[in-house]
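In UniProt numbering, the protein residues as written are 1 to 267. The next block holds one structure in the form of structure tokens; read it before the comments.
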């Protein structure tokens, strides 16, 4: 049995200014995606300066979509009780699925502006997303957020904020699967010629499967509990359309042109 290290959630204090680890994880995700995008910019015929626009669009999609998605999927009662609550971002509450929708909308707008096809852009972006996902899960772990269910496994961890019972360190499971493994899969596929839409489809399938699996070890959201069958969580429910859409994309991609990873794409 292990005990949570109980990190100080504040990484740096500069007088009245406090920089939290969770905020730094967002920075790590965006900077990592920016750097990797610059390395791969030629694949879409983009300049390295244009990459900054992609990250800006993506950041807006993540933040706005993540917050609005959380309000709709997990905090609707709070919104109805106090509509201004949605602006209280300092109280926490971000949804990956909402952020994904936000990024897809931002990608559509960016693709139209730069005369790219939508799936050219999403295939380009997908391998960078696990960097932010992995960093975000480490931020959750540092803050003792989204802990696992009570367990008796040897690596169970006691989270002081949730009582003396050992729990699955589900944030670390998600870091490993949604961050490390997902990145390795998408990165390796992106290095070879592949049909357009394949990487986007693989992202949806792999993330959906990993998240659905880890939800069996993760503590259900206390304000919602189980959605159905005494085991289905909101996170799992939101992964179902991801899995279905991902499968459709993979099948659809078999009839598309091959995008050669070794050369810039042309519309």
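A virtual CB, placed ideally from N, CA and C, is assigned to each residue, including glycine.
The segment 181-201 makes contact with the segment 248-258, as at least three CB pairs between them are under 8 Å. Residue environment for residue 19: exposed (fewer than 16 other C-beta atoms within 10 angstroms of its C-beta).
Pairing residue 126 with residue 200 gives a Cβ-Cβ distance under 7 Å.
The straight-line gap separating the alpha-carbon atoms of residue 172 and residue 141 is approximately 7 Å.
Here DSSP, grouped into helix, strand and coil, assigns residue 149 to coil.
Runs of alpha helix (DSSP H) with 4 or more residues, each lying fully within the segment 51-138, are found at 76-81, 96-113, 118-125, listed in chain order. Comparing alpha-carbon positions, the option among 216, 45, 80 lying closest to residue 114 turns out to be 45. In the structure shown, the three-state DSSP call for residue 209 is helix. Restricted to the segment 151-197, the alpha helix (DSSP H) segments that are unbroken, complete and at least 4 residues in length are 170-174, 182-190, listed in chain order.
By the Cβ test, the segment 144-163 is not in contact with the segment 71-79, since fewer than three Cβ pairs between them sit closer than 8 Å. Proximity of the segment 226-245 to the segment 175-195 falls short of the contact definition, fewer than three beta-carbon pairs being nearer than 8 Å. Of all alpha-carbon atoms in 29, 1, 235, 139, the one lying nearest the alpha-carbon of residue 213 is that of 235. Rounded to whole angstroms, the gap between the alpha carbons of residue 120 and residue 43 is 10 Å.
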